[in-house]
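Colleague: This structure is in structure tokens; I'll ask about it shortly.
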Amino acid sequence: MLSRKITSDSHGQDSSYFLGWEAYEKNSYHEVENPSGIIQMGLAENQLSFDLLESWLAENPEAIGLKRTSGESLFKDLALFQDYHGLSAFKNELVEFMSKIRGNKVKFDANKLVLTAGATSANETLMFCLADPGDAFLLPIPYYPGFDRDLKWRTGVEIVPIKCSSSNGFRITSCALEEAYLQAQDQGLKVKGVLVTNPSNPLGTTLTPDEIDLLIDFAIEKEAHIVSDEIYSGTVFDSPSFVSIAEAIKDRNLESSDVFSRVHIVYSLSKDLGVPGFRVGMIYSNDEQVVSAATKMSSFGLVSSQTQYMFSQLFADKKFTAKYMKENLKRLRKRKEIIVSGLKSAGIKCLKSNACLFVWVDMRNLLSSNSFDAEMELWKRIVYEVGLNVSPGSSCHCSEPGWFRMCFANMSEETLHVALQRLKAFAETLIKSKQQQQFGLSFSRTRSLTRWVFQLASDHDHRETDR
Ligand SMILES: Cc1ncc(COP(=O)(O)O)c(C=O)c1O
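Throughout the sequence shown, residue numbering follows my numbering, covering 3 to 469 in sequence.
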């Protein structure tokens, strides 16, 4: 009776990424009311700088009071506004903000910007514009678990993995790119492009200039699109600095070449400003037809005019945005240092990172075997015994078992310390019992070896006497 779309599970909502959230919902941690509850470390939210945003709002009440600074009401204008091109004041501020994040090395044109209800909608809209059902996009693995829903579910587009491995810090190589391309061809899929997140969710790293060059060369050679999801571009708190695809294209003087119109950027305020609830996302495309079609499609997920107005006022306050970005990055850097050193003291390493709201944690030493079953077994123990909802690498389609994504900016510092203490106690017990098992094993192996040597010796003795 119902459509195939809704009765199939191709939305990916059944992955452990979302199942962990359900466990958390049923038994959420609270320092007083539920101190043994589950701590949410699977949600890439930035709650570290709300005080800055709230104090700006308190000082600028007209921004949410829907008034001009002169006090004149804007209620009627905004209540009636429904032009899907968006408020030009807001779009002009947004492109300036995007340039600022990129050190003003590139300029953006507000006419090439399409507003969407978050990056979720931006990514899906781009798929509708660039690919037909059954076409493929190549994505480096591990990737953000939401992409199965955002890129594939309603569009019918297929994702083909570019296999990245821990041996080189999960970097994209030309071999892996070529292999993915060939794999798509073997599956009879037409490759329409490559989609990357830069900085990467879940790795927390920025793409190197070499990796970006590789992507551009690939897009030129195969006449493919590049979608660069730069949702974390303002959340880079350590070196190396962030290089946007826009900057790389400019540096290579490709602005008048064919590939220029095949480069599309996705952005949103969900991470850098920590406001996913406001649903402000965007597509920046160099292809006029894509901009025009995506603008029409944005009717299905517009950003409310009230929200646009509020952020146009906020971005116009350049002094505030500069202060916010600086302070926010400082707080994030500190948080990341806390989680990395806490994990280290628990004997757990993570991938060296410089961005985002999470770290990519290597718990291969805690697995009972090198398998995804063992990863699931460990993940369940971490969720239900330790009480931490982390995201297993398999939910990000990682090709190696034992990696987990852990978020650090969606909780208080005290809660993060509780989480780290819990994990440390668990890891120490687990490592000890593994060592004991190994010791027991090697002890019993030594014992049986000794027995065998004794046996041989006594056989030899017997033989000697037999002779
Ligand atoms: C890489 C990436 N793209 C898109 C999204 C969706 O963001 P939004 O809340 O703007 O829809 C996320 C959210 O976690 C993300 O990490």
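We put the beta carbon where it would ideally sit given N, CA and C, even for glycine.
#1: Which residue comes first and which comes last in the alpha helix (DSSP H) that contains Tyr183?
#2: Just to confirm the assignment: which complete alpha helix (DSSP H) runs, minimum length 4, are found wholly within the stretch 68-93?
#3: Assign Gly148 to one of two classes, buried (16 or more other C-beta atoms within 10 Å of its C-beta) or exposed (fewer than that).
#4: DSSP state of Cys358, grouped into three classes?
#5: From the DSSP output, in three-state form, read off Ala295 for me.
#6: Any residues whose CB sits closer than 5 Å to a heavy atom of ligand 1? List them in chain order?
#7: Starting from the C-beta of Val292, find all residues in its chain whose C-beta is less than 6 Å away, skip the five residues before and the five after it, and write them out in chain order.
#8: Whole angstroms is fine: what's the gap from Thr9's alpha carbon to Thr157's?
#9: Between which residues of its own chain and Ser263 is the CB-CB distance below 7 Å, once the five residues before and five after are set aside?
#10: Measuring CB atoms only, is the stretch 332-342 touching the stretch 405-415, in the sense that at least three cross pairs come out at less than 8 Å?
#11: Give me whichever residues DSSP pairs with Cys131 in a beta bridge.
#12: Decide if Val116 is buried, meaning its Cβ has at least 16 other Cβ atoms within 10 Å, or exposed.
#13: Measuring only the C-alpha atoms, how far is Gln423 from Ser401?
#14: Under 8 Å, do Leu205 and Phe239 count as touching if we go by C-beta distance?
#15: Alpha carbon to alpha carbon, what distance is there between Arg151 and Pro144?
#16: Quick one: residues in its chain with C-beta nearer than 7 Å to the C-beta of Leu59, no 5 flanking neighbours on either side, listed in chain order?
#17: Could you check which residue in Ala182, Gly22 and Asn113 has the C-alpha nearest to that of Ala138?
#18: Looking at Gln176: is its Cβ nearer than 8 Å to the Cβ of Leu217?
#19: Work out the CA separation of Gln310 and Glu47 for me, nearest whole Å.
#20: Between the C-alpha atoms of Ala429 and Gln438, what's the straight-line distance to the nearest angstrom?
#21: Look up Arg156 in the DSSP assignment and say whether it is helix, strand or coil.
#22: From this set, Gly190, Asn36 and Ile174, which residue's C-alpha is nearest Val159's C-alpha?
#23: May I ask you to verify whether the stretch 302-322 touches the stretch 24-34, counting CB pairs closer than 8 Å and requiring at least 3?
#24: With a threshold of 16 other CB atoms inside 10 Å of the CB of Glu2, please say whether the residue is buried or exposed.
#25: Please determine if the stretch 235-254 and the stretch 98-105 are in contact, where contact requires at least 3 C-beta pairs separated by less than 8 Å.
#26: Would you mind listing the beta strand (DSSP E) stretches within the stretch 280-334 that are 3+ residues and don't spill past its ends, in chain order?
#27: How would you label Leu141, buried or exposed, when you count the other beta carbons within 10 angstroms and need 16 or more for buried?
#28: Looking at Val265 and Ile233, is the spacing between their C-beta atoms short of 8 Å?
#29: Just grab the DSSP bridge partners of Ser148 for me.
#30: Please classify Gln42: is it buried, with 16 or more other beta-carbons within 10 angstroms of its beta-carbon, or exposed?
#31: Cβ of Gly276 within 8 Å of Cβ of Ser123?
#32: Identify the continuous alpha helix (DSSP H) that holds Leu217 and give its terminal residues.
#33: Counting beta carbon pairs with one atom in the stretch 342-358 and one in the stretch 89-103, are three or more of them shorter than 8 Å?
#34: Use the C-beta contact count for Ala81: other C-beta atoms within 10 angstroms, 16 or more gives buried, fewer gives exposed.
#35: Exposed or buried, which one is Ala427 when buried takes at least 16 other CB atoms within 10 Å?
Modeller: Answer, in terms of the structure:
#1: Ser176 to Asp188
#2: 77-82
#3: buried
#4: It is coil, neither helix nor strand.
#5: helix
#6: Ala46, Gly120, Ala121, Thr122, Tyr146, Thr199, Asn203, Asp231, Ile233, Ser270, Ser272, Pro278 and Gly283
#7: Excluding the 5 residues flanking it on each side, Val292 has same chain C-beta neighbours closer than 6 Å at Cys131, in chain order.
#8: If I take the Cα positions, the gap works out to 15 Å.
#9: Once the five neighbours on either side are set aside, the close Cβ partners of Ser263 are Asn288 and Asp289.
#10: yes
#11: Beta-bridge annotation (DSSP): Cys131 is not paired with any residue.
#12: buried
#13: Approximately 29 Å between the Cα atoms of the pair.
#14: no
#15: Roughly 15 Å between the two C-alpha positions.
#16: Ala65 and Ile66
#17: Ala182
#18: Here residue 176 turns out to be Ser, not Gln, going by the sequence shown. Contact flag unset, no.
#19: Near 21 Å, if we compare the C-alpha coordinates of Gln310 and Glu47.
#20: 14 Å
#21: coil
#22: Gly190
#23: Contact between the stretch 302-322 and the stretch 24-34 is absent, because fewer than three Cβ pairs lie under 8 Å.
#24: Residue 2 lies beyond the range of the chain shown here (3 to 469); nothing can be said about it.
#25: yes
#26: 283-287
#27: buried
#28: no
#29: First, the amino acid is wrong: residue 148 is Gly here, not Ser. Answer is none; Gly148 lacks a bridge partner.
#30: By the neighbour-count rule (16 or more Cβ atoms within 10 Å), Gln42 is buried.
#31: no
#32: Pro211 to Lys224
#33: The stretch 89-103 makes no contact with the stretch 342-358, as fewer than three CB pairs between them are under 8 Å.
#34: Around the beta carbon of Ala81, fewer than 16 other beta carbons lie within 10 angstroms, which makes this residue exposed.
#35: exposed
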